[in-house]
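In our numbering, the protein residues as written are 347 to 506.
Glycine is no exception: its CB is placed at the ideal position from the N, C-alpha and C atoms.
Following: one structure in structure tokens, then a few remarks.
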Amino acid sequence: LAAALAVCVRFIMQFVLTSVYFLRLDVKLFSGITSILDFQWQSYWSMLYVEDNFHNPLRKIFLAYLLQQPHCLLSDYSHSLPPIVVSMLRVLEEKGDFGIKHLSRWRLKWWLAVTLVQNPSLIRYRKHRLFPPEAPAGLLTKCRKKKDASADTSDLKDTH
């Protein structure tokens, strides 16, 4: 019964707020203590916590992006975030995991190289690998006009 009531509340809130702005999971529909009723928002932050525990290599980049967003500042929203998420964000702040904007380009390339060495299955998903391979230049021939092609075949007939 409680789940059905929660579904109805979420549906009504979605219907009302969709006319104002497009719903995102990282934005709470309710404020304060009533955010407990927003199960989709809680599951979104729980997913971040699980990814933190399993040390996903893409986790740091994703969380660094989130921590740079104005709506994810820990000092502003620590009272309204779930305690598990607050503890995760505090650990990231203590470790200095604030994001990737302040790092130099060579350090980012080094991190990418280490990530690809540790996870070789990610290499095929890199942006430049998604394009079809280009043929080597030596195998390509120039297109000739039909008139030139017929002249070449007549030369072959004369030699035989």
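Assuming residue i contacts residue j under a Cβ cut-off of 8 Å, what Cβ separation, rounded to an integer in Å, is found between them?
i: L468; j: L462; result: 6 Å
i: F376; j: A352; result: F376 to A352, Cβ: 11 Å. No contact.
Along the alpha helix (DSSP H) that carries residue i, what are the first and last residues, could you check?
i: T461; result: 451-464
Figure out for me which residue from the options has the closest Cα to the Cα of residue i.
i: Y395; options: R436, A348, R472, Q464; result: R436
i: A349; options: I382, M393, K374, S450; result: I382
Are the C-beta atoms of residue i and some chain C residue less than 8 Å apart?
i: T380; result: Among the protein chains of the structure shown there is no chain C, as only one such chain exists.
Q. Given 8 Å as the limit, is there contact between the region 351-366 and the region 388-397, that is, 3 or more CB pairs closer than that?
A. no
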